[in-house]
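Input: a single structure, listed below in structure tokens.
In the UniProt record's numbering, the protein residues as written are 1 to 356.
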């Protein structure tokens, strides 16, 4: 905490110094502008004076832009703390819950302790003890027909894939945590996903083109061409025919595996890269998340022409749908209100399904 306080005080001194310098620079620029405007009323400006006029105007404009951004950031911080007329009740409830859920102190060995580091340590030890397994050694199955059991259940075994900046896509067995496959690519892989029929894998990363590869050997089956920047997300439609890719070019593109020459749909977002893409289990909805503030929900039955936009404050850590598609979860990373937002599907009319 002392280090943070020291850094905070240094940052405050640095910020005050920078604001003072910018204020002095702005005052000088405005003074020169006034002088040049007076000269302009009498005669035309020479080349050097015109250059000075443009430079001073640029300085004043830059300072004004910085002030506007600073005010905008301060307003967001104030909103996150106090809210406004429409969200005051919401903020008061959250602040009340935070106050009720906070642990101000613990009775440890007969003495009251209020030091946060010790409280955190004791809470961690308590839950670690509660969830500790009874025995260190897991039971092992050893018999002559073990190979037959492995062969019987290998097709239904649970696997997971990991994409890495070293250009590798690795497949692991979740039961034994053994490496099953390792496919290498010439660029960092940001996301990979197995198709519903387990035949193909979408591979996207630090390259303009994505790849469709064979899940059995990692060989490239087709290239995904059309994005203008690097891709960060992909998702398969439950039918195994359509899939979507999210890119830094501020678009999510829907593709048909049978014809990859052009995307089926190009869905533009508001402010940043598409970081997370999800299809609902029945394939009706496509959820597209930006890096912050916006999540878009498209109706795939209407060729993604119908859209619902969810708007809030906060950086988005991810989105997910429940298995029955009745609930949408949005992870929000924020220093003040880091949270998990939950939206339930509304069924007033079947043709007006939406998440609220």
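For every residue, glycine included, the Cβ atom is placed at its ideal position computed from N, Cα and C. Please read these numbers as outputs of a predicted model, since none were measured by experiment.
What residue does the beta strand (DSSP E) around residue i start on, and which one ends it?
i: residue 288; result: 285-289
i: residue 24; result: First-last for residue 24: 2-42, but that is the alpha helix (DSSP H), not the beta strand (DSSP E).
i: residue 219; result: Unbroken run through residue 219: none, as it is neither H nor E.
i: residue 168; result: 168-173
i: residue 246; result: 242-247
i: residue 281; result: First-last for residue 281: undefined, no H or E at that position.
i: residue 295; result: 292-299
i: residue 232; result: 231-236
i: residue 343; result: 339-346
i: residue 252; result: 251-256
i: residue 112; result: 111-113
i: residue 187; result: Run containing residue 187: none; DSSP gives neither H nor E here.
i: residue 306; result: First-last for residue 306: undefined, no H or E at that position.
i: residue 162; result: 159-163
i: residue 358; result: Residue 358 falls outside the range modelled here, since the chain spans only 1 to 356, and no answer is possible.
i: residue 107; result: 106-108
Going by CA-CA distance only, name the one from the options that's closest to residue i.
i: residue 197; options: 214, 205, 340 and 184; result: 214
i: residue 288; options: 303, 305 and 309; result: 309
i: residue 218; options: 167, 132 and 241; result: 167
i: residue 296; options: 281, 273 and 282; result: 273
i: residue 294; options: 27, 341 and 6; result: 341
i: residue 259; options: 160, 8 and 212; result: 212
i: residue 223; options: 38, 31, 93 and 203; result: 203
i: residue 243; options: 216, 195 and 271; result: 195
i: residue 59; options: 283, 23, 282 and 292; result: 23
i: residue 267; options: 307, 282 and 257; result: 307
i: residue 383; options: 271, 325, 4 and 265; result: Residue numbering for the chain in the displayed model covers 1 to 356; residue 383 lies beyond these limits and cannot be assessed.
In whole angstroms, what is the alpha-carbon distance linking residue i and residue j?
i: residue 162; j: residue 190; result: 9 Å
i: residue 128; j: residue 119; result: 14 Å
i: residue 248; j: residue 255; result: 17 Å
i: residue 365; j: residue 116; result: Outside the shown range of the chain (1 to 356) lies residue 365, about which nothing can therefore be said.
i: residue 312; j: residue 335; result: 15 Å
i: residue 237; j: residue 179; result: 27 Å
i: residue 153; j: residue 305; result: Because the pLDDT of residue 153 is 39, which lies under 50, any placement of that residue in the model is unreliable, and the number read from its coordinates should be weighed accordingly. Taking the straight line from one Cα to the other gives about 43 Å.
i: residue 205; j: residue 231; result: 5 Å
i: residue 14; j: residue 100; result: 37 Å
i: residue 49; j: residue 55; result: 10 Å
i: residue 228; j: residue 6; result: 44 Å
i: residue 263; j: residue 253; result: 6 Å
i: residue 66; j: residue 21; result: 13 Å
i: residue 345; j: residue 286; result: 14 Å
i: residue 261; j: residue 233; result: 20 Å
i: residue 11; j: residue 269; result: 35 Å
i: residue 321; j: residue 69; result: 35 Å
i: residue 177; j: residue 221; result: 28 Å
i: residue 175; j: residue 164; result: 21 Å
i: residue 173; j: residue 240; result: 23 Å
i: residue 158; j: residue 63; result: 57 Å
i: residue 42; j: residue 16; result: 40 Å
i: residue 183; j: residue 216; result: 10 Å
i: residue 94; j: residue 132; result: 32 Å
i: residue 186; j: residue 160; result: 22 Å
i: residue 44; j: residue 26; result: 24 Å
i: residue 102; j: residue 327; result: 28 Å
i: residue 188; j: residue 347; result: 43 Å
i: residue 271; j: residue 316; result: 13 Å
i: residue 31; j: residue 4; result: 40 Å
Taking Cβ positions, are residue i and residue j nearer each other than 8 Å?
i: residue 314; j: residue 337; result: yes
i: residue 210; j: residue 245; result: yes
i: residue 36; j: residue 52; result: yes
i: residue 318; j: residue 276; result: yes
i: residue 57; j: residue 33; result: yes
i: residue 201; j: residue 193; result: yes
i: residue 235; j: residue 170; result: no
i: residue 96; j: residue 106; result: no
i: residue 332; j: residue 323; result: no
Between which two residues does the alpha helix (DSSP H) containing residue i stretch?
i: residue 212; result: First-last for residue 212: 210-214, but that is the beta strand (DSSP E), not the alpha helix (DSSP H).
i: residue 129; result: 116-130
Mark residue i as exposed unless 16 or more other C-beta atoms lie within 10 angstroms of its C-beta, in which case mark it buried.
i: residue 300; result: buried
i: residue 29; result: buried
i: residue 290; result: buried
i: residue 130; result: exposed
i: residue 123; result: exposed
i: residue 108; result: exposed
i: residue 111; result: exposed
i: residue 92; result: exposed
i: residue 298; result: buried
i: residue 280; result: buried
i: residue 302; result: exposed
i: residue 126; result: exposed
Taking only beta-carbon atoms, is residue i less than 8 Å away from chain B?
i: residue 330; result: Among the chains of the structure shown, chain B does not appear; only one protein chain is present.
Using a Cβ-based criterion (distance less than 7 Å to any ligand heavy atom), does residue i qualify as near the ligand COA?
i: residue 266; result: Only the bare structure without any ligand can be found here, which leaves the ligand COA out of the picture.
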